[in-house]
Amino acid sequence: MKNKRQPDDVAGKVEEEEASSLKRQRVVEEEEEAIDNPLVPYNDVDDDEEDDARRQHRSNGGAVVKTGNSHGGGGENEEEEEYDEEEEDDVYGVVSSNQGNRKSQIEPREDCPYLDTVNRQVLDFDFEKFCSVSLSNLNVYACLVCGKYYQGRGKKSHAYTHSLEAGHHVYINLRTEKVYCLPDGYEIIDPSLDDIRHVLNPRFTRDQVLQLDKNRQWSRALDGSDYLPGMVGLNNIKETDFVNVTIQSLMRVTPLRNFFLIPENYQHSRSPLVQRFGELTRKIWHARNFKGQVSPHEFLQAVMKASKKRFRIGQQSDPVEFMAWLLNTLHAELKSSKKNTSIIYECFQGELEVVKEIPNKSITEKKENDVDEDGEQKTVDGGTENGVVTETSRMPFLMLGLDLPPPPLFKDVMEKNIIPQVPLFNILKKFDGETVTENLELKDYIPLPVPKENDRLRSKYDLIANIVHDGKPKEGFYRVFVQRKSEELWYEMQDLHVSETLPQMVALSEAYVQIYEQQQMKKQLVFIPTPIIGHLVSVIEFAKTLLRRDDRFSITMLLMSPPFAHNVHKFVEILASTHPEIEFIGLPQVTPPAPEDITACPEHYGSIFIADHKPHVKHAIITHVLSKSSVPVAGLVLDMFCTSFVDVGKELNIPSYVFFPSGAAFLGFMFYLPDRNDKVSTKFTATDSPYNVPGYVNPVPYSVLPSVLFHDGGYVSFPDHARRFKDTKGIIVNSFAELESNALSCLASRDGIPPVYTVGPIIDHQGKNLMADGSQHDEIMKWLDDQPEGSVVFLCFGSQGSLSEPQLREIALGLEMSGQRFLWSIRAPPSKGQLNPGEFQDYKDILPDGFLERTKDVGLVCGWAPQVEVLAHKAVGAFVSHCGWNSILESLWHGVPIIAWPLYGEQQINAFLLVRELGLAVELKMDYRKETGDLVEAGEIGKAVRCMMEDGGNHARNKVKAISDLARKALLEGGSSFVATGKLVDILLANKS
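Here it is, written out as structure tokens:
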């Protein structure tokens, strides 16, 4: 049988191959004609959704994988469909190999001649995205000339036909937001179309979301109507006012609104109801709408489907039932598999405390040993109320319902129910034996309940929405009163009607559904930093940490204008423009000290300069903070050198806190200074024995004391700052417990020291280097990319660090002697009349002859370097640092060991802490002082670099890696710094001023 049938099979195959060949030839001819004709697209279905399939097809060598109904059926239509797919297979198999993909031939254009035909007046993206002909919701394009929807844009599509017949040539894909010109088929790239994309899919940044409730600006729609974002009317499609009032009410719930304004928050949910609710939320709050109202049509379609038409267009329903269903459904669609929670529970779940008082006799056993010394019997639950025991239960809830009382038994002459009006006084006087003329204290006759003092559960709530029903039950219509938080005004909203109203009208209206929001106990904080870049960076990052931790804070930063420091002015300007969440207020200038005085002892004369701002600080707080807002100020956060403003806080009854941008050990050293001054009359001298400073395990030698103590003014001002620390409510330290456990223990054991909160390491991880040249930044990072891992020594001495030219030449020779790869940031000494370093014009003028040429393969010399990015790079293996505290934390965070070379300030004692106390650094010159002019010779430099990069640095390297892990854990939830920050937040929120 098989042999007899074989010729038939062979013949059939031959016929199929001939037919296939003829078909391929016909398709190729058609496609060649199509390519010659610019009005005909490359193939029938040329849509954005097909792009991935086409690319996959080409990568598979022309193979096409089809999916369909495996059970057969379909008749002639199915056969015709299969023929079309086979024809496309041939097109892909033949034409793609000869001609390539059409998309690679038709380039996007920016000069489309039909852009002036776009008519924004007819565009309406509020309705379901269905093709007006096929009613399909797949691959839908909107004609930007007439507003109609069509499926696809290929030559067999209705959009293609419409472009030829009506002369409408501009279309947008409603999913990808790409705009095309038909019938040519090219994509249009033009920024003038961005407003259409914004209306189609409104977008909000997280910063914009945080500013919504502060916005008082009106918007103008394209149709000429003015509207307030968030206060827009909703179309009543047909008896859907119950939906409109519910949506308008929920839009006032700030956390819920903020959650749905960011699509990334719920991108894990595939629920159409969730997605449509998010789209509707974004449209209501969008500031660039084409119309002054929004249609909830798409959302209603999702509601009807999700509720199985329990709630539908054309049938009035109860807002209470709809709100309960909507919240429950959103919760079910949003909750994660791991945690049975969602934004719905976080917003709406409350806890009701029920306290029952039960007579003591019914449940207690009287025993003689149960009687307290004062004769009062204990209750079963441990209370001390005589005669009763209390049972307390707490019940969670999402919505609270209030049952109406039953109709009264009495009726008036019109047969209407009435409530009998009998004075309580007349009833009670029958039992007291007193005359009518005597006054009566009700508390003697009625057991009035005493409110329970439970601060954890006691909260105040503000009314934010009140839904009102007008008409008979199950009839009539609904309207809602909502509050606009930015101005604390009330608006009445009924479908498209939106009007401002008086708060009294809200109180007089009957309530059908009310939404209350717990008072957020908003607090203001006023930060006053020292105008030095190193101090500004850390205090700004801490302010951002507080804002991220609790959005009830608002922060105002009072900025002093430092003399002779133009780079600080530039830095402050950039900070103000890049941190809109913080309000920056500049203080009036004061007469600065002479440059030579500041150079001699910057800490002392800087403190005098700061103290001169005291009247300006007080005036700024009164006029710019207290007078402009009713929100209480929870505290002044003062830099360690701004303690003179503690007096301003006392005058205004505002608690003060110190932000200490250095470590806990140095804080202990500062507290040691006034203690020593009280006991010893002499100053520090080189002949002194090492000092036993609380917080340091080893005695501290004279050689590493801060230089400020060797100056008469500094010897007085530094201890004075420490004394003022004790007048504050707390000290915020940029460190973490795992790094300085010994110092923190010593601080905790001392009397009279305010609470210490370790909130570090505070590092600007994301910020770009604000002072660096962009091209130099790219050159540095590219050079590092080409270096082996852990092979580069990075030399950088901070924002204030500069060295003399002789010292720079010694460094160059030392690096060359070490034979190590290096990245060296060089800063020029300050020019005359300036305090901050500058830049060298040509490094050849200051470095040894031929140094740059000899080391060009292993080293790179630059000006200002992006320090955090460099330390984070895998090529960096060691850090020659001045031991400023910010630099120390950045290096430890990224696990880079330090070669200690301090220059000024407290850097010598910081180096002592790293090298002697913690073993996290290798000493280069721990007692170096820039002001002495001493030279560190090339041999010492080369030796220290080799020691760290070779076996001698392994101990420090391993310890730094371990402390790096601990630093990261400290900031995670449950970590030491996370917990300390939480305690500080709680205290600040509880403060009253």
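My numbering numbers the first residue of the sequence shown as -19 and each following residue consecutively. Even glycine gets a Cβ: it sits at the ideal position worked out from N, Cα and C.
On a Cα-Cα basis, can you pick out the residue from W865, K824, Q295 that is closest to V713?
It is W865 whose Cα lies nearest to the Cα of V713.
Sort D627, D531, V660 by Cα distance to Y695 and report the nearest one.
For the residues D627, D531, V660, the minimum Cα distance to Y695 belongs to V660.
May I ask you to report which of helix, strand or coil DSSP gives M540?
In this structure, M540 counts as coil in the three-state DSSP scheme.
For I879, which of helix, strand or coil comes out of DSSP?
If DSSP states are grouped into helix, strand and coil, I879 belongs with the strands.
Same chain only: Cβ atoms within 6 Å of M222, ignoring 5 sequence neighbours per side:
The sequence as given places Phe at residue 222; Met does not occur at that position. The answer, listed in chain order, is S297, P299, F302, Y458.
Let me check one thing: in DSSP terms, what residues is A211 bridge-paired to?
First, the residue type needs correcting, since residue 211 is Met and not Ala in the sequence shown. Looking at the DSSP output, M211 shares a beta bridge with L208.
May I ask you to verify whether the region 900 to 914 touches the region 658 to 673, counting CB pairs closer than 8 Å and requiring at least 3?
No contact exists between the region 900 to 914 and the region 658 to 673.
Between which two residues does the alpha helix (DSSP H) containing L314 stretch?
Per DSSP, the continuous alpha helix (DSSP H) segment holding L314 begins and ends at 299 to 314.
Leaving out the 5 sequence neighbours to the left and right, which residues in its chain are closer than 8 Å to A139 when beta-carbon positions are compared?
Hits under 8 Å: Y121, C123, Y130, Q131, G132, R133, Y151, L162.
Who are the Cβ neighbours of G885 in its own chain at under 7 Å, not counting the five residues just before and after it?
Taken in chain order, the residues that qualify are P686.
Does E313 pass the burial test, meaning 16 or more other C-beta atoms within 10 Å, or should it be called exposed?
Result: buried.
Close-in-space but distant-in-sequence residues of the same chain around G954 (CB under 8 Å, 5 per side omitted):
For G954, where only same-chain residues beyond five positions count, there are no Cβ hits under 8 Å.
Taking the alpha-carbon positions, what's the T236 to Y166 distance?
Note that residue 236 is Leu in the sequence shown, not Thr. A direct Cα-Cα distance of roughly 41 Å separates L236 from Y166.
Between the Cα of E718 and those of L946, F640, S867, spot the shortest distance and give me the residue it belongs to.
For E718, the closest of L946, F640, S867 by C-alpha to C-alpha distance is L946.
Continuous beta strand (DSSP E) stretch holding R459: start and end:
Per DSSP, R459 belongs to the beta strand (DSSP E) from 457 to 464.
What residues in its chain sit with their C-beta under 8 Å from that of L788, if we drop five residues either side in the sequence?
For L788, same chain residues with a beta-carbon under 8 Å away, outside a window of 5 residues either side, are I806, I826, L827 in chain order.
Residue burial classification, F102 (beta-carbon count within 10 angstroms, cutoff 16)
This sequence places Val at residue 102; Phe is not what is there. Under the 10 Å beta carbon count, V102 is surrounded by fewer than 16 other beta carbons and is classified as exposed.
For V628 versus V605, is the C-beta distance shorter than 8 Å?
No.
Could you check whether M929 and G857 sit closer than 8 Å to each other, using their CB atoms as the reference points?
Contact flag set, yes.
Nearest-angstrom Cβ-Cβ length linking S798 and V638, presumed shorter than 8 Å:
Wrong, their Cβ atoms sit about 42 Å apart, outside the cutoff.
When the Cα atoms are used, what is the spatial distance from L555 to I535?
In a straight line, the C-alpha of L555 is about 14 Å away from that of I535.
Just curious, the alpha helix (DSSP H) that K440 is in, first and last residue?
Counting along the chain, K440 falls outside any alpha helix (DSSP H), and DSSP gives it neither H nor E.
Out of curiosity, what's the CA-to-CA distance linking S624 and D914?
Cα to Cα, S624 sits roughly 36 Å from D914.
What is the rounded straight-line gap between the Cα of G586 and the Cα of G843?
The alpha-carbon of G586 is positioned some 27 Å away from that of G843.
Would you check if the distance between the CB atom of L803 and the CB atom of V850 is smaller than 8 Å?
With respect to the 8 Å criterion, L803 and V850 are classified as neighbours on the basis of their beta carbons.
P93 to I169 span [Cα, whole Å]:
If you take the alpha carbons of P93 and I169, they lie about 12 Å apart.
For T185 and F551, the rounded distance between their alpha carbons
Looking at the two C-alpha atoms, the distance is approximately 24 Å.
Which residues in the same chain as K113 place their Cβ atom closer than 8 Å to its Cβ, once the five residues preceding and following it in sequence are excluded?
Sequence inspection shows Val at residue 113; the Lys mentioned does not correspond to that position. Taken in chain order, the residues that qualify are Y130, Q131, H138.
Looking only at DSSP bridge pairs, what is Q281 linked to?
None; Q281 has no bridge partner.
Environment of N672 [buried if 16+ CB atoms lie within 10 Å]:
Flag for N672 reads exposed.
Put Q296 into one of helix, strand or coil per three-state DSSP.
DSSP places Q296 in coil when its eight states are reduced to three.
Counting pairs of Cβ atoms below 8 Å between the region 454 to 473 and the region 517 to 524, do you hit three or more?
Touching, no, given that fewer than three Cβ pairs across the two stretches are closer than 8 Å.
What would DSSP say about V677, mapped onto helix, strand or coil?
V677 falls in the coil class under three-state DSSP.
Ends of the alpha helix (DSSP H) at Q847?
Note, Q847: alpha helix (DSSP H), 847 to 852.
Would you be able to state if there are at least three C-beta pairs under 8 Å between the region 646 to 653 and the region 697 to 705?
Touching, yes.
Is N633 buried or exposed, if buried means 16 or more other CB atoms sit within 10 Å of its CB?
Classification of N633: exposed, given that the 10 Å Cβ count is below 16.
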